[in-house]
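Enquirer: Going by the numbering used here, the first residue of the sequence shown is number 56, and it counts up by one from there.
C-beta atoms are modelled at their ideal positions from N, C-alpha and C, and glycine is treated no differently.
Next up is a structure, given as structure tokens.
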Amino acid sequence: MLHRRQTAATLAVLFLAASIPCLATQNFPAFRDVAPELGLTMVNISGEGRTDYIIEANGNGAAFFDYDNDGDVDLLITNGTTLDRLEAGGDPVVALYENDNGQFRDVTIQAGLSHTGWAFGVCVADYDNDGHRDFYVTAYGPNLLYRNNGDGTFDERGDAAGIADPGWGTNCAFGDYDRDGDGDLYVANYLTFDRGVIAAREDGACEYMGTTVFCGPKGLDGETDSLFRNDGEGSFTNVTLEAGITDPGHYGFGVVFSDFDNDGWSDIYVANDSVANLMFGNNGDGTFTEVGLVSGTSLNLFGKAQAGMGVGVGDYDADGDFDIYVTNFAEDSNTMYQNLGDSFFADVTTVSGAAKDSKPHVGWGIGFVDLDNDGWLDVFVANGHVYPGMAELNERTPYLQPKEVYRNLGDGRFVNVAPELEGDLMTPWSARGAAFGDYDNDGDVDIVVINTNAPPSFYRTDSENFNHWIGFRLVGDTSNRDAIGARVEIDAGGRTQIGEVRSGASYLSHNDMRVHFGLGDAERVDQIRIRWPNGQTETLDGMDADQYVTIRENDQ
Numbered sequence: 056m057l058h059r060r061q062t063a064a065t066l067a068v069l070f071l072a073a074s075i076p077c078l079a080t081q082n083f084p085a086f087r088d089v090a091p092e093l094g095l096t097m098v099n100i101s102g103e104g105r106t107d108y109i110i111e112a113n114g115n116g117a118a119f120f121d122y123d124n125d126g127d128v129d130l131l132i133t134n135g136t137t138l139d140r141l142e143a144g145g146d147p148v149v150a151l152y153e154n155d156n157g158q159f160r161d162v163t164i165q166a167g168l169s170h171t172g173w174a175f176g177v178c179v180a181d182y183d184n185d186g187h188r189d190f191y192v193t194a195y196g197p198n199l200l201y202r203n204n205g206d207g208t209f210d211e212r213g214d215a216a217g218i219a220d221p222g223w224g225t226n227c228a229f230g231d232y233d234r235d236g237d238g239d240l241y242v243a244n245y246l247t248f249d250r251g252v253i254a255a256r257e258d259g260a261c262e263y264m265g266t267t268v269f270c271g272p273k274g275l276d277g278e279t280d281s282l283f284r285n286d287g288e289g290s291f292t293n294v295t296l297e298a299g300i301t302d303p304g305h306y307g308f309g310v311v312f313s314d315f316d317n318d319g320w321s322d323i324y325v326a327n328d329s330v331a332n333l334m335f336g337n338n339g340d341g342t343f344t345e346v347g348l349v350s351g352t353s354l355n356l357f358g359k360a361q362a363g364m365g366v367g368v369g370d371y372d373a374d375g376d377f378d379i380y381v382t383n384f385a386e387d388s389n390t391m392y393q394n395l396g397d398s399f400f401a402d403v404t405t406v407s408g409a410a411k412d413s414k415p416h417v418g419w420g421i422g423f424v425d426l427d428n429d430g431w432l433d434v435f436v437a438n439g440h441v442y443p444g445m446a447e448l449n450e451r452t453p454y455l456q457p458k459e460v461y462r463n464l465g466d467g468r469f470v471n472v473a474p475e476l477e478g479d480l481m482t483p484w485s486a487r488g489a490a491f492g493d494y495d496n497d498g499d500v501d502i503v504v505i506n507t508n509a510p511p512s513f514y515r516t517d518s519e520n521f522n523h524w525i526g527f528r529l530v531g532d533t534s535n536r537d538a539i540g541a542r543v544e545i546d547a548g549g550r551t552q553i554g555e556v557r558s559g560a561s562y563l564s565h566n567d568m569r570v571h572f573g574l575g576d577a578e579r580v581d582q583i584r585i586r587w588p589n590g591q592t593e594t595l596d597g598m599d600a601d602q603y604v605t606i607r608e609n610d611q
């Protein structure tokens, strides 16, 4: 009898496990790649396509931001070049698209964005607090700071502002770490690249799985990251050493400012390629302490350093603090770090299922985002290998790869629903950066993904469920103008959710800075609580769902 009961119980568990993917797609939106329809046809350049050197492997990113203050998010894409063309100056480093009633119009030339070179990442902030969003571009060579003139044009101010940073920049992020009312800048740097010194793929110096590949990052010299303090009046000071940013020359990729210990001061997390990740805890006095190992966020559950690429941050378990998701290289898995409070994290990758199908893939762009507006943050991952010949070596790990979309079941578990959703998500690309924003202001979050040596993909979220939502644009007064670092807490439908205004995230990318919440069947938010970047708090009365609301500091 006992044997029969065990058998019945086992069958029940197996049936439930098998049915979860089918059930998980119910009321979940479809994603259609509408890039050509929206006018996004530019081929992103990342080397010749052979990937003879590591510089050709890392790709580019994108940013959603409202540069013209017309109430909808515009789109900026960074661009690479080839090594031969770089000797002659390179290709245009960015393409800027104005959102014109849901269509994107290329305004790069009109905006004065004519610089050439080899760009990688982008992050956005109104660094001079004049009411117009500026952006920073990382590059191989001097980085670029584009100041928004407020008339549709930009001026390049990187050198004048003191943040040209001559290394190989990858991800960047703005955050007011000293709470003085203006946005400071963290730049992750990768490695020292010299074509005349590093062996080419064809030289046969480096191998992967028995085949000749480009060399790096291991064996090459990493470059230290940089922290720049915004001194106001358009200038920055490099405070890396005095602030305690003790990067030993890791291969820096993803970076994000976020208040992980909920003490009101923004911390910094950096995902590094092939070496331990870094967590800099903000001491509240202008300095940081590196606590990656102590916090449990530098290595995975098995004490192994991984090849970190992109970083996503969000409160996936709705317990009031921010968790971390890191994308990694193939034959490993992505990693989910659950925030346990008091600056301690646990690797819950396996038990959560949030990276179950990631091992064959090389993960890059990542977003914690409520794709179905049910009030629980889902996970989107863009994938693509770095070795073009991978399909011949390992058929389960091809060069062109599909997306992963992990639906949050609301009980700590995730299920990858991309295979069941099929369609454009499963069209394989060698993807890199991913940015998230509601370009058509319809309440669901859309996704742009940058593909190497191909046009971008633009996944419009088409939902037929009737879940509600709300979004907030915060405007600082005594805080920095974009309110970067502000924490928003809402009560709706008997639950509490938190969000945070951030600049820079994912991989080489920047998301719409409006704080978006899915509300499920709740038609109203009962209360909103905001902790502004300077520590000031305020509470607002409830409001109806299904709208974007602008909230100004000290305007109550």
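What's the C-alpha gap between residue 504 and residue 144?
Expert: 26 angstroms
Enquirer: Report the partner residues of residue 523 according to the DSSP bridge assignment.
Expert: 575
Enquirer: Grab the span of the beta strand (DSSP E) containing residue 593 for me, first residue to last.
Expert: 592-599
Enquirer: Looking only at its chain, what residues have a beta carbon closer than 7 angstroms to the beta carbon of residue 331, apart from the 5 residues adjacent to it on each side?
Expert: 347, 353, 354 and 360
Enquirer: At what residues does the beta strand (DSSP E) containing residue 240 begin and finish?
Expert: 239-244
Enquirer: Tell me which residue opens and which closes the beta strand (DSSP E) that residue 219 is part of.
Expert: Taken as a continuous stretch (DSSP letters only), residue 219 belongs to no beta strand (DSSP E), as it is neither H nor E.
Enquirer: With a threshold of 7 angstroms on Cβ separation, who are the neighbours of residue 468 within its own chain once the five nearest residues in sequence on each side are excluded?
Expert: Counting only Cβ-Cβ distances below 7 angstroms, and skipping sequence neighbours, we find 407 and 408.
Enquirer: Count the other CB atoms, across all protein chains shown, that sit within 10 Å of the CB of residue 599; report buried if there are 16 or more and exposed otherwise.
Expert: exposed
Enquirer: Would DSSP call residue 147 helix, strand or coil?
Expert: strand
Enquirer: How many Å lie between residue 548 and residue 582 at the Cα?
Expert: 11 angstroms
Enquirer: Do you know offhand how far residue 596's Cα is from residue 388's?
Expert: If you take the alpha carbons of residue 596 and residue 388, they lie about 43 angstroms apart.
Enquirer: Please identify the residue among 466, 471 and 414 whose C-alpha is closest to the C-alpha of residue 451.
Expert: 414
Enquirer: If you reduce the DSSP assignment to three classes, tell me which class residue 388 lands in.
Expert: coil
Enquirer: For a test of the three-state rule: what should DSSP assign to residue 349, helix, strand or coil?
Expert: In this structure, residue 349 counts as helix in the three-state DSSP scheme.
Enquirer: In or out: residue 111 buried (at least 16 other Cβ within 10 Å) or exposed?
Expert: So residue 111 counts as buried.
Enquirer: Taking one C-beta from the region 457-477 and one from the region 123-142 each time, how about it: are there three or more such pairs within less than 8 angstroms?
Expert: Segments in contact, no.
Enquirer: Here's the rule: buried if 16 or more other CB atoms are within 10 angstroms of the residue's CB, otherwise exposed. What is residue 297?
Expert: exposed
Enquirer: When the Cα of residue 288 is compared with those of 193, 254 and 182, which residue comes out closest?
Expert: Measuring from the Cα of residue 288, the nearest candidate turns out to be 182.
Enquirer: Looking at the secondary structure, which residues open and close the beta strand (DSSP E) in which residue 111 lies?
Expert: Where residue 111 is concerned, there is no enclosing beta strand (DSSP E), given that its DSSP letter is neither H nor E.
Enquirer: CB residue 410 to CB residue 390, shorter than 8 angstroms?
Expert: yes
Enquirer: With C-beta atoms as the reference, is residue 542 less than 8 angstroms away from residue 322?
Expert: no
Enquirer: Roughly how many whole angstroms lie between the Cα atoms of residue 69 and residue 262?
Expert: The predicted position of residue 69 is uncertain, since its pLDDT is 39 and thus under 50; a value taken from the coordinates is nonetheless stated next. Residue 69 and residue 262: Cα-Cα distance of roughly 41 angstroms.
Enquirer: Report the partner residues of residue 587 according to the DSSP bridge assignment.
Expert: DSSP output for residue 587 lists no bridge partner at all.
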